[in-house]
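Residues in the sequence shown are numbered from 265 upward in steps of one, following my numbering. For every residue, glycine included, the Cβ atom is placed at its ideal position computed from N, Cα and C. A quick note: this is a predicted structure, and the numbers were derived from the prediction, not measured.
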Amino acid sequence: MLAGFVLTPACQPALPLLEQVKQQGELVVATRTGPTTYYREMDRETGFEFELAQAFANYLGVKMRMVAYDDLGELLTAVRTGKVHLAAAGLSVTPERSRQFRFTSPYEQVTQDVIVRSGTPRPATIEDLYQRKLVVLAQSSHSEYLQQLQQSHPDLRWEEKANATALTLLNMVNDSQADVALMDSAAFQTYRPLFPELQVAFPIKQAEPVSWAFQATVDDSLFNMAELFFNQVNASGDLEELRERFFGHREFDYVGARTFLTHLDTRLVEYESDFKAAAEEVGMDWRLLAAVGYQESLWNPNAISPTGVRGLMMLTQLTATEMGVTDRRDAQQSIRAGARYLKKLYDKLPQDLQEPHRTWFALAAYNVGYGHLLDARRLARHEGRDPNDWFVVREKLPLLLREEYFSKTRHGFARAGAQSVVYVRNIRRYYDALVWATERDNQRFVPAPANMVAYRDTLVH
Ligand code: GLU
265 MLAGFVLTPA CQPALPLLEQ VKQQGELVVA TRTGPTTYYR EMDRETGFEF ELAQAFANYL
325 GVKMRMVAYD DLGELLTAVR TGKVHLAAAG LSVTPERSRQ FRFTSPYEQV TQDVIVRSGT
385 PRPATIEDLY QRKLVVLAQS SHSEYLQQLQ QSHPDLRWEE KANATALTLL NMVNDSQADV
445 ALMDSAAFQT YRPLFPELQV AFPIKQAEPV SWAFQATVDD SLFNMAELFF NQVNASGDLE
505 ELRERFFGHR EFDYVGARTF LTHLDTRLVE YESDFKAAAE EVGMDWRLLA AVGYQESLWN
565 PNAISPTGVR GLMMLTQLTA TEMGVTDRRD AQQSIRAGAR YLKKLYDKLP QDLQEPHRTW
625 FALAAYNVGY GHLLDARRLA RHEGRDPNDW FVVREKLPLL LREEYFSKTR HGFARAGAQS
685 VVYVRNIRRY YDALVWATER DNQRFVPAPA NMVAYRDTLV H
């Protein structure tokens, strides 16, 4: 007789949220699509917030499901109503939000920057903004701050955009549909190579903390685990490494960015279908191959180096012969052979090498040679460091120039050791720029903001 064993739901105490998540085996995380948060790269989900949330789910021993919201207000409602467990979305901690949510300790600080087009009068104070068309995201930290400023600046006006991202605002300023936009410094820095004509006029608000938001009206068991998780990733250096991985290669150079955009319109258009065909054949992202082609030759099929390396993908005679190329100046042949060669190196790398490091190692091998790359890995291993970590091995590559090191390695002196580190960093920058250029063009040519899923799918090739 089991009488008394079955509790009625009414008197059953609710499980703490943490236990519920563990029982369901799934952590549901709200985010926003963007270069500082979440996007698709080479057929998989990635982004700083995605990887961080994934690490938190691993810490809890559950799976993670990310839900991307177009609209910031909808995202906040999803957290408030418990539709998701948390938001990892580059959210700023603001006074108003602090009343409604539980925020973890900040993992980042941003400033709110005033963005203008160069060649237009540059505002320097809040008063200078009165007569300008100013755009911000609806329900953003920026809109909240403007409301606060309006109390002392009653003439301050702005327009709020729902269902939009920082990219929407940048396109508006760039296309003269708005004079000024307000956004996070981190977002602007990442998009900047696509908008060389835009610049920061002045920071309107300094040092705003960014962190994860949790529902305030449930128990704090899950939230407390997130705080422990942040303590751990801070202490272990994992958070710093993640930051380096996503933002370490960010750098702006006006001339380089302008040239890149010009070449995008004048040169890449001619070879895009060749990159796509080659990418399909080897199962890689065409934008990665295009980024390699840009680093190698600026998409110039007649490029030639003093050492006799030539063509759009700058193949040596040896590699070209091995890949069956009859004319290295033939762009289609060059792209196809470059892709197959890169894939060959990628496949040859040790089995235990994980993404995204594996791609970076393959790129370095394409540049410096496979043997030298293995030497740099051996140097790392000798020091008891992780030879599968690109950030460790890239410190070793420049050492192959120095006698005391290269004399101990199998493949000897590598002049291009340091150069290959820059090579990989540049390709990552071009790749990011190509990913965001795809997105920018999507936004520009799709009249209404596309549904997020459909839109994300267009980024997957
Ligand atoms: N930090 C901004 C905010 O919290 C981010 C806005 C966005 O999602 O782009 O409102």
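inquiry  = With a threshold of 6 Å on Cβ separation, who are the neighbours of Ala465 within its own chain once the five nearest residues in sequence on each side are excluded?
reply    = Taking the first residue of the sequence shown as 1, we reach residue 465 at position 201. Taken in chain order, the residues that qualify are Val378, Val380, Arg386 and Pro387.
inquiry  = Could you pull the DSSP bridge partners for Tyr394 from this structure?
reply    = The residue you call residue 394 lines up with position 130 of the sequence shown. Tyr394 pairs with nothing; no bridge assigned.
Proximal residues to Gly311 (C-beta, below 6 Å), its chain only, five neighbours per side dropped = For the purposes of this step, residue 311 is identified with residue 47 of the sequence shown, where counting begins at 1. Result list for Gly311: Thr301, Tyr302 and Tyr303, in chain order.
inquiry  = So for Arg593, helix, strand or coil by DSSP?
reply    = Here residue 593 refers to the residue found at position 329 when the sequence shown is read from its first residue. Arg593 falls in the coil class under three-state DSSP.
key: Residue range of the beta strand (DSSP E) that includes Gln376   = For the purposes of this step, residue 376 is identified with residue 112 of the sequence shown, where counting begins at 1. Residues Glu372 to Arg381.
message = Whole angstroms are fine: how far does the CA of Leu627 sit from the CA of Trp654?
response = Here residue 654 refers to the residue found at position 390 when the sequence shown is read from its first residue. Here residue 627 refers to the residue found at position 363 when the sequence shown is read from its first residue. One C-alpha to the other measures close to 11 Å.
key: Environment of Gln479 [buried if 16+ CB atoms lie within 10 Å]   = If you number the sequence shown from 1, residue 479 lands on position 215. By the Cβ-count criterion, Gln479 is buried, with 16 or more other Cβ atoms from all chains shown falling within 10 Å of its own Cβ.
inquiry  = Looking at the secondary structure, which residues open and close the alpha helix (DSSP H) in which Pro359 lies?
reply    = Stepping through the sequence shown from its first residue, residue 359 is reached at position 95. Pro359 to Gln364 is the extent of the alpha helix (DSSP H) around Pro359.
task = For Asp443, verify whether its CB is less than 7 Å away from any heavy atom of ligand 1.
result = Along the sequence shown, read from residue 1 onward, the residue named residue 443 stands at position 179. No, the beta carbon of Asp443 sits no closer than 7 Å to any heavy atom of ligand 1.
message = Please report the distance separating the alpha-carbon of Ala278 from that of Leu492.
response = Position 14 of the sequence shown, counted from the first residue, corresponds to residue 278. Position 228 of the sequence shown, counted from the first residue, corresponds to residue 492. Rounded to the nearest angstrom, the two C-alpha atoms are 23 Å apart.
inquiry  = As an exercise, report each continuous beta strand (DSSP E) stretch of at least 3 residues that is fully enclosed by the region 278–323, in chain order.
reply    = 290–295, 303–305 and 308–310
key: Check: Arg366 C-beta below 7 Å from any heavy atom of ligand 1   = Start at 1 with the first residue of the sequence shown, and residue 366 comes out as number 102. No; taking the cut-off as 7 Å, the Cβ of Arg366 has no heavy atom of ligand 1 nearer than that.
key: Sheet register partners of Pro467 (DSSP bridge)   = Numbered from 1 along the sequence shown, position 203 holds the residue referred to as residue 467. Answer is Asp377.
Segment contact, 8 Å Cβ cut-off, at least three pairs: the region 340–348 with the region 437–448 = no
request  = From the DSSP output, read off the bridge partner residues of Gln412.
outcome  = The sequence position of residue 412 within the sequence shown is 148, counting from 1. According to DSSP, which records beta bridges pairwise, Gln412 is partnered with nothing at all.
request  = Can you check DSSP and say which residues form a bridge with Pro473?
outcome  = Taking the first residue of the sequence shown as position 1, residue 473 is located at position 209. According to DSSP, which records beta bridges pairwise, Pro473 is partnered with Gln373.
ask   = Expressed to the nearest angstrom, what Euclidean distance is found between the alpha-carbon atoms of Leu282 and Gln364?
value = Taking the first residue of the sequence shown as 1, we reach residue 282 at position 18. Taking the first residue of the sequence shown as 1, we reach residue 364 at position 100. Roughly 20 Å separates the two Cα atoms.
request  = Check whether the Cβ of Leu431 sits closer than 7 Å to any heavy atom of ligand 1, and report yes or no.
outcome  = Mapped onto the sequence shown, residue 431 falls at position 167. No, ligand 1 has no heavy atom inside 7 Å of this Cβ.
query = Closer than 7 Å: is that where the CB of Val399 sits relative to any heavy atom of ligand 1?
reply = The sequence position of residue 399 within the sequence shown is 135, counting from 1. Incorrect: Val399 has no Cβ contact closer than 7 Å to ligand 1.
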